[in-house]
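Below is one structure, written out as structure tokens, with a few remarks after it.
2 protein chains.
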Amino acid sequence: MILDGKAVAKQNEQTLKIKVKHLLDLYGRVPCLKVILVGDSPASMAYVTSKKKACHRVGMNAEVIQLPVETTEQTLIDLIQEMNDEKEIDGILIQLPLPKHMNENKVLNTVSPNKDVDGLHTLNAGKLFTKQDGIIPATPLGIIMLLKAYNIDLFGKHAVIMGRSNLVGLPIGKLLLDLNATVTYVHRETVDPKKYTKDADLLVVAIGKANHVDQSFVKKGVCVIDVGINRVDGSLVGDVNFEEVSQVASYITPVPGGVGPMTISALLHNVIKQFEVKYDR
Amino acid sequence: MILDGKAVAKQNEQTLKIKVKHLLDLYGRVPCLKVILVGDSPASMAYVTSKKKACHRVGMNAEVIQLPVETTEQTLIDLIQEMNDEKEIDGILIQLPLPKHMNENKVLNTVSPNKDVDGLHTLNAGKLFTKQDGIIPATPLGIIMLLKAYNIDLFGKHAVIMGRSNLVGLPIGKLLLDLNATVTYVHRETVDPKKYTKDADLLVVAIGKANHVDQSFVKKGVCVIDVGINRVDGSLVGDVNFEEVSQVASYITPVPGGVGPMTISALLHNVIKQFEVKYDR
């Protein structure tokens, strides 16, 4: 069975549209997201455009600010600080990766934790790992939303995460642990990764290697979440060999149309959450 | 082979003693820890006394402030804020557990992240989980120090953590992942925990159940870290049945004399780190 992220995201947007209208009635304005893109990588430009469009579809404000690749770190930090002070801005998203001459952690921590919509401020990361309510990174949050939409119960199941990045692997493992899954992190230094992945009830793959995970990695009936987005011969493919693995999996996300749209859906959720928290304070 | 935490901690103290003397020469004062204990639980009183004594052994200042169990949260918060402002205090430790009428997260986050020596401020938790330099909780840090003292290499090994608390299980797993171990979290909702623990090269047990882990949980040659401290018939025992498991383990920590002294050693390390960072700022 295909985990249709595109369809679930579309459905979510109907709910969010109503919510935004409700917020407009309540507070006289709609949530506003600013996306900062440094440089002109085509992939990044495509991502920020789709984020902006999604905001517009649900009735929120969104603007992309594109800075030249040679922008200094200080200029970027000054801009972020101005935006932190600007009352009508609810979310600030720094599109990653940043150019090499910038300190990513320093820039991300300049964004006010109250306007961070990517969950990448250290304080929000700390909240996630100490089970306090905060902003959860969009991709892991989107995955949880997708699993919930299909009523997939993780209680007592073995979840194996391939990848241990701050953005995806590490936080999705923590969220699955909170849902009472038994969680194993597998990574590039793991000896015999298949020993673990073959036992997985849920396999989350976030390794950035096109079509890497084939049938030999999984057991029959596994649920597979493919976070990879790789460009091969002009088309998008995931980290999982969909054709092979979909034959034995009980559930699987396609690429595109799986985790991608859910990530955007989770981002919209985070912007609205920051807006609501602001008015609750 | 016994992982002799008591001996390693004693050795560490010799080094720290020299370091403290050096800091006194450099800055004209020694690091100072304040320990706040609310209530009079005998176990907590024993812990804070041993922490204070350890500070004194290496030449640092340390004081225990004991408050009555009925102290209000606000009184405690006011006291912590005063201590945050006091220049001659380098570390503030809130002995856990706090009385039920207090919000633990709120109290712990009142301690300045620059005086937090337990790594329990949300910002320090966030730093640990995003691989930034910060303060690491004393028990997991002590475990890593012990493993390093015995040159136990975790690279590519399977580390299984029993327990997923913010204080021990979760952070020790993250530290082992950073050392390139493959990490599995097992907990009370895990179906068939032995399936995982029997495969472990390193087994960390932090579940608070006296003598729970027997030979049937482990494979021959396993390295076992027992974090448990349970009082049974007036004596201290760990979560691991030491007599049984020590017969098949390659390394094992005793209780007492294993993780306990290393936790205190790591605390001293954290106080000195906060002191040094202050003068580096």
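Top to bottom, those sequences are chains X and A.
Sequential numbering from 214 applies to the first sequence in my numbering.
Sequential numbering from 214 applies to the second sequence in my numbering.
Ideal Cβ placement from N, Cα and C applies to all residues, glycine included.
Treat the numbers as computed from the prediction; the structure is a model and nothing was measured.
Next item on the list: Kindly indicate if chain X contains any beta-carbon less than 8 Å away from that of PHE455 of chain A.
Entry: The sequence position of residue 455 of chain A within the second sequence is 242, counting from 1. Chain X, which has no Cβ nearer than 8 Å to the Cβ of PHE455 of chain A, makes this no.
Check: Closer than 7 Å, Cβ to any Cβ of chain A: which residues of the region 367–390 of chain X, in chain order?
Finding: Legend: CB atoms of the region 367–390 of chain X lying less than 7 Å from CB atoms of chain A belong to residues PHE368, GLY369, ARG377, ASN379, LEU383 and LEU390.
Next item on the list: Please name the residue or residues paired with SER448 of chain A in a DSSP beta bridge.
Entry: Locating residue 448 of chain A in the second sequence gives position 235, where the first residue counts as 1. Under the DSSP definition of a beta bridge, SER448 of chain A partners with A:VAL445.
Notebook entry, point to check: Does the beta-carbon of ILE485 of chain X have 16 or more other beta-carbons within 10 angstroms, so that it is buried, or is it exposed?
Noted result: Translated into the one-based positions of the first sequence, residue 485 of chain X becomes position 272. ILE485 of chain X is buried by the Cβ-count criterion.
Check: Does DSSP put LYS300 of chain A in a helix, in a strand, or in coil?
Finding: Taking the second sequence and counting its residues from 1, one reaches residue 300 of chain A at position 87. In this structure, LYS300 of chain A counts as coil in the three-state DSSP scheme.
Item checked: Helix, strand or coil at TYR464 of chain A [DSSP, three-state] -> Reading the second sequence from its first residue, position 251 is the one you call residue 464 of chain A. Correct three-state label for TYR464 of chain A: strand.
Note to self: With distance defined between alpha-carbon atoms, name the residue in X:ILE231, X:HIS482, X:GLY434 and X:ASP493 nearest to ILE357 of chain X.
What the structure shows: As a working mapping, residue 357 of chain X is identified with position 144 in the first sequence. Looking only at X:ILE231, X:HIS482, X:GLY434 and X:ASP493, the smallest Cα-Cα distance to ILE357 of chain X is reached by X:HIS482.
Next item on the list: Taking only beta carbons into account, state which residues of the region 337–363 of chain A come closer than 8 Å to chain X, listed in chain order.
Entry: So the close ones are ASN337, ALA338, GLY339, LYS340, LEU341, PHE342, THR343, LYS344 and GLN345.
Next item on the list: Tell me, to the nearest whole angstrom, how far the beta carbon of ILE365 of chain A is from that of CYS436 of chain A; I am working on the premise that it is less than 8 Å.
Entry: Reading the second sequence from its first residue, position 152 is the one you call residue 365 of chain A. Reading the second sequence from its first residue, position 223 is the one you call residue 436 of chain A. Yes, ILE365 of chain A and CYS436 of chain A are in contact; Cβ-Cβ is about 6 Å, under 8 Å.
Checklist line | Alpha carbon of GLY369 of chain X to alpha carbon of ASP414 of chain X, nearest angstrom | finding: Translated into the one-based positions of the first sequence, residue 369 of chain X becomes position 156. Translated into the one-based positions of the first sequence, residue 414 of chain X becomes position 201. When rounded, the distance between both Cα atoms is 10 Å.
Item checked: Cβ separation of PRO326 of chain X and ASN337 of chain X, assumed to be a contact under 8 Å, to the nearest whole Å -> Counted from its first residue, the first sequence places residue 326 of chain X at position 113. Counted from its first residue, the first sequence places residue 337 of chain X at position 124. So it is a contact: roughly 6 Å between Cβ atoms.
Check: Going along chain A in order, which residues have a C-beta closer than 8 Å to the C-beta of ASN318 of chain X?
Finding: As a working mapping, residue 318 of chain X is identified with position 105 in the first sequence. Result: THR343 and GLN345.
Next item on the list: Provide the residue span of the alpha helix (DSSP H) that contains LEU216 of chain X, from first to last.
Entry: Numbered from its first residue, the first sequence carries residue 216 of chain X at position 3. Per DSSP, LEU216 of chain X belongs to no alpha helix (DSSP H) and is neither H nor E.
Checklist line | Cβ neighbour criterion (16 or more within 10 Å) applied to ARG401 of chain A | finding: To locate residue 401 of chain A, count along the second sequence from 1; it is residue 188. Burial call: exposed.
Next item on the list: Spell out whether any CB of chain X is found under 8 Å from the CB atom of ASN483 of chain A.
Entry: By one-based count along the second sequence, residue 483 of chain A stands at place 270. Not one chain X Cβ lies under 8 Å of ASN483 of chain A.
Notebook entry, point to check: So, is GLU226 of chain X buried or exposed, given that buried needs 16 or more other C-beta atoms within 10 angstroms?
Noted result: As a first step, residue 226 of chain X is located in the first sequence; it is residue number 13 there, counting from the start. By the C-beta density criterion, GLU226 of chain X is buried, having at least 16 other C-beta atoms within 10 angstroms.
Next item on the list: Find out if the Cβ-Cβ distance for the pair VAL282 of chain X, LEU229 of chain X is shorter than 8 Å.
Entry: Reading the first sequence from its first residue, position 69 is the one you call residue 282 of chain X. Reading the first sequence from its first residue, position 16 is the one you call residue 229 of chain X. No, these two residues do not count as a Cβ contact at 8 Å.
Notebook entry, point to check: So, are the CB atoms of ALA479 of chain X and ALA394 of chain X less than 8 Å apart?
Noted result: On the first sequence, position 266 is the one that residue 479 of chain X refers to. On the first sequence, position 181 is the one that residue 394 of chain X refers to. Contact: no.
Notebook entry, point to check: What separation, rounded to the nearest whole angstrom, lies between the Cα atoms of LEU354 of chain A and ALA462 of chain X?
Noted result: Taking the first residue of the second sequence as position 1, residue 354 of chain A is located at position 141. Taking the first residue of the first sequence as position 1, residue 462 of chain X is located at position 249. In a straight line, the C-alpha of LEU354 of chain A is about 40 Å away from that of ALA462 of chain X.
Notebook entry, point to check: What three-state label does DSSP hand LYS411 of chain X in the structure shown?
Noted result: Taking the first sequence and counting its residues from 1, one reaches residue 411 of chain X at position 198. Three-state result, LYS411 of chain X: coil.
Note to self: Please confirm whether THR395 of chain X has its beta-carbon closer than 8 Å to some beta-carbon of chain A.
What the structure shows: As a working note, residue 395 of chain X is residue 182 in the first sequence. Yes - at least one Cβ of chain A is within 8 Å of the one on THR395 of chain X.
Next item on the list: Starting from the beta carbon of GLU299 of chain A, find every residue of chain X whose beta carbon is closer than 7 Å, and list them in chain order.
Entry: By 1-based counting over the second sequence, the position of residue 299 of chain A is 86. Ordered by position in chain X, no residue passes the 7 Å Cβ test against GLU299 of chain A, which lies about 24 Å from the chain.
Check: Does VAL399 of chain X come within less than 8 Å of chain A when only Cβ atoms are used?
Finding: Your numbering for residue 399 of chain X matches position 186 in the first sequence. With 8 Å as the cut-off, VAL399 of chain X counts as an interface residue toward chain A.
Check: Going along the chain, which residues of its own chain have a beta-carbon closer than 6 Å to the beta-carbon of LYS432 of chain X, five neighbours each way excluded?
Finding: Start at 1 with the first residue of the first sequence, and residue 432 of chain X comes out as number 219. Closer than 6 Å at Cβ, skipping near neighbours: LYS411.
Item checked: Span of the alpha helix (DSSP H) around GLU456 of chain A -> Start at 1 with the first residue of the second sequence, and residue 456 of chain A comes out as number 243. That run of the alpha helix (DSSP H) goes 455–458.
Next item on the list: Name the residue from X:LEU367, X:SER459 and X:ILE442 whose alpha carbon lies nearest to the alpha carbon of VAL468 of chain X.
Entry: Taking the first residue of the first sequence as position 1, residue 468 of chain X is located at position 255. Of X:LEU367, X:SER459 and X:ILE442, the residue nearest in Cα terms is X:ILE442.
Check: Run through DSSP, which three-state label would GLN345 of chain A get?
Finding: Counting from one through the second sequence, the residue named residue 345 of chain A turns up at place 132. Looking at GLN345 of chain A - three-state DSSP - the assignment turns out to be coil, as it is neither helix nor strand.
Item checked: Option nearest ILE349 of chain A by Cα separation, candidates A:ALA372, A:VAL320, A:ASN379 and A:TYR363 -> Taking the second sequence and counting its residues from 1, one reaches residue 349 of chain A at position 136. Checked all of A:ALA372, A:VAL320, A:ASN379 and A:TYR363; the closest Cα to ILE349 of chain A is A:ASN379.
Margin query: Run through chain A and tell me which residues come within less than 7 Å of GLU402 of chain X, C-beta to C-beta.
Written below: Counting from 1 along the first sequence, the entry for residue 402 of chain X is found at position 189. Chain A residues near GLU402 of chain X: PHE368, GLY369 and ASN393.
Notebook entry, point to check: Quick one: what does DSSP say TYR363 of chain A is sitting in, helix, strand or coil?
Noted result: Reading the second sequence from its first residue, position 150 is the one you call residue 363 of chain A. In the three-state reduction of the DSSP assignment, TYR363 of chain A falls in the coil class.
Checklist line | Contacts around THR323 of chain A, its chain only, beta-carbon distance under 6 Å, and the 5 residues preceding and following it disregarded | finding: Along the second sequence, read from residue 1 onward, the residue named residue 323 of chain A stands at position 110. Within the same chain, and ignoring the five residues on either side of THR323 of chain A in sequence, the residues whose Cβ sits closer than 6 Å to its Cβ are ILE290 and ILE293.
Notebook entry, point to check: Which same chain residues, not among the five before or five after HIS269 of chain A, have their C-beta less than 8 Å away from its C-beta?
Noted result: For this step, residue 269 of chain A is matched to residue 56 along the second sequence. Counting only Cβ-Cβ distances below 8 Å, and skipping sequence neighbours, we find ALA275.
Margin query: Could you tell me the alpha carbon to alpha carbon distance between VAL221 of chain A and VAL404 of chain X, rounded to whole angstroms?
Written below: If you number the second sequence from 1, residue 221 of chain A lands on position 8. If you number the first sequence from 1, residue 404 of chain X lands on position 191. Approximately 31 Å, taken between the alpha carbons.
Item checked: Collapsed DSSP secondary structure at GLU276 of chain X in the structure displayed -> Indexing the first sequence from 1 puts residue 276 of chain X at position 63. Judged by DSSP in its simplified three-state form, GLU276 of chain X adopts strand.
Notebook entry, point to check: In terms of residue numbering, what span does the beta strand (DSSP E) encompassing ILE249 of chain X cover?
Noted result: Locating residue 249 of chain X in the first sequence gives position 36, where the first residue counts as 1. Note, ILE249 of chain X: beta strand (DSSP E), 245–251.
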